[in-house]
Amino acid sequence: MTGPLRYPWLVTDLDGTLVDRDLRIPQRNLDAIARYQAAGGVVTIATGRNERSARRYHEQLGLDTPMILYNGARVVDVATGNRLLDLRLDAAWPVVERHGLPDLPATVGVVGFHDLDAYLLKPARALAEYARRDQIELRNSPLPGCPTKLMLIGESPDDLTGVPETITRALPGVRLVSSEKTYLEVLPAAADKGSALRELAARSGVPLETIAAIGDNPNDLELIRTAGLGAAVGDGHADLLHTADVTVAPCSQGAVADFVNSYLMPPRPGRKVLR
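The working numbering puts the first residue of the sequence shown at 7, with every later residue one more than the last.
Right, dumping it as C-alpha cells:
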C-alpha cells in the first residue's frame, strides 16, 4: 500500500526543466509524470511560451489542466479556451514603443505577442533561431493592439548589456525577466508565475502548501517561492539554486523525474524518500 500524495499538484516550467535542449521531454520525465498522475497527481505547465508554442507539450503529456503562459501574464483553461487571467502592457506599450525600442542595439531583435500571434517589431539575426526553437511564425505586420509581452533577443548575453536600463528609463513600471541568457522579456508589472499560480490555486481550491513546483531560470523564482515545495534544476541559474527548497538532477538527466521520484511520490516499503 502507498499513502496519499503530500503534494498532489506539480507545476513545472518547460524549457530547461521538463524539456531538454533538443526540445524534447526526456522519456524518464514522461514515465515519472505518468506514475505521478496514476497516483492521483495533477500536473500543470508554467512557461514563458504562449498557447500555440506550449500546446504540443501539454498534449504530449495528455493534460487537461490550465496552463500558466507568458511568464504569468496569462492563465488559460485549455479545455474551453477561457482566459482565467489576461494581463497586457496597456499604457506601457506606446511609451516603450516610442522611447525604448529605438534605442536598442542593432543586434537585439524584438518580438511582440498579441493574442495567439507573434509580431516582428525589430529584426535581428537572433530571431530566426528563436522562431525555429519555439516553432512560431513571426508576423511581419503591425501589432493589432496592445501586446501581452515583448521578447528582446540577442545573439550573445553581451548583446543585452545595458538593455534593461534602456527599457526602464523609457518606462519604470514594467517587469523585466530573464528566461534564457540571451532573452529579456518585458511584461506587465503584475505578471509573474507565482502570482498566476496563486490565482489558479485559489480558483481550484488547492492550498499552496500542497503544490510542488520546479524551474531553472530567474523567471521561475516567484513560482518556486510560492509553492509549498520548490525545486531547482541542477544546472539551473544560481539564483534558483540559492532559493529553492531542494535541488534535483540536471535537465538532460531528467530533472522532473528526479523531483517526482525523490520528493513527490508516496514511499513504498523499503524505499527512503528525502524530505
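Just so you know, even glycine gets a beta-carbon here, dropped at the ideal spot from N, CA and C. Just so you know, these numbers come straight off a predicted model, no measurement behind them.
*Flag this pair as yes or no: are the beta carbons of residue 222 and residue 22 separated by less than 8 Å?*
Along the sequence shown, read from residue 1 onward, the residue named residue 222 stands at position 216. Along the sequence shown, read from residue 1 onward, the residue named residue 22 stands at position 16. Yes, the pair counts as a contact, with Cβ atoms nearer than the cut-off.
*Residues of its chain near residue 142, where Cβ-Cβ distance is below 6 Å and the 5 sequence neighbours each way are ignored*: Position 136 of the sequence shown, counted from the first residue, corresponds to residue 142. Contacts found: 59 and 124.
*Start and end of the alpha helix (DSSP H) containing residue 136?*
On the sequence shown, position 130 is the one that residue 136 refers to. Run containing residue 136: 132 to 140, per the alpha helix (DSSP H) assignment.
*asked:* Going by DSSP in three states, residue 230 sits in which element: helix, strand or coil?
replied: For the purposes of this step, residue 230 is identified with residue 224 of the sequence shown, where counting begins at 1. DSSP places residue 230 in helix when its eight states are reduced to three.
_Taking DSSP's pairing of strands, which residues face residue 119 in a bridge?_
Counting from 1 along the sequence shown, the entry for residue 119 is found at position 113. DSSP lists 124 and 155 as partners of residue 119.
*Of all the options 211, 184, 208 and 216, which has the alpha carbon lying nearest to the alpha carbon of residue 227?*
Walking along the sequence shown from the start, residue 227 turns up at place 221. For residue 227, the nearest C-alpha among the options comes from 184.
*State yes or no: is the C-beta of residue 15 within less than 8 Å of the C-beta of residue 208?*
Here residue 15 corresponds to residue number 9 of the sequence shown, with the count starting at 1. Here residue 208 corresponds to residue number 202 of the sequence shown, with the count starting at 1. Taking C-beta atoms as the reference points, residue 15 and residue 208 fail to come closer than 8 Å.
*asked:* Helix, strand or coil, according to DSSP, for residue 34 in the structure here?
replied: Along the sequence shown, read from residue 1 onward, the residue named residue 34 stands at position 28. In the three-state DSSP reduction, residue 34 falls in the helix class (H, G or I).
*Helix, strand or coil: how does DSSP classify residue 144 here?*
Mapped onto the sequence shown, residue 144 falls at position 138. Strand, per DSSP.
*What is the rounded straight-line gap between the Cα of residue 280 and the Cα of residue 40?*
Locating residue 280 in the sequence shown gives position 274, counting from the first residue. Locating residue 40 in the sequence shown gives position 34, counting from the first residue. Only weak support exists for where residue 280 lies, its pLDDT of 48 falling under 50; the value from the coordinates is given anyway. Residue 40 has its alpha-carbon roughly 21 Å from the corresponding atom of residue 280.
*Count the C-beta pairs between the stretch 30 to 46 and the stretch 237 to 244 that are closer than 8 Å, then say yes if the count reaches three, no if not.*
Contact fails: fewer than three Cβ-Cβ distances are below 8 Å.
*Let me know the secondary structure DSSP gives residue 192 once reduced to three states.*
Within the sequence shown, residue 192 is the residue found at index 186, counting from 1. Residue 192: strand per DSSP, three-state reduction.
*Residue range of the beta strand (DSSP E) that residue 90 falls in?*
Along the sequence shown, one-based indexing puts residue 90 at 84. Where residue 90 is concerned, the enclosing beta strand (DSSP E) stretches over 89 to 92.
*residue 191, buried or exposed, once every other Cβ within 10 Å from all chains shown has been counted against 16*: On the sequence shown, residue 191 is found 185 positions in, with the first residue counted as 1. Buried, by the Cβ-count rule.
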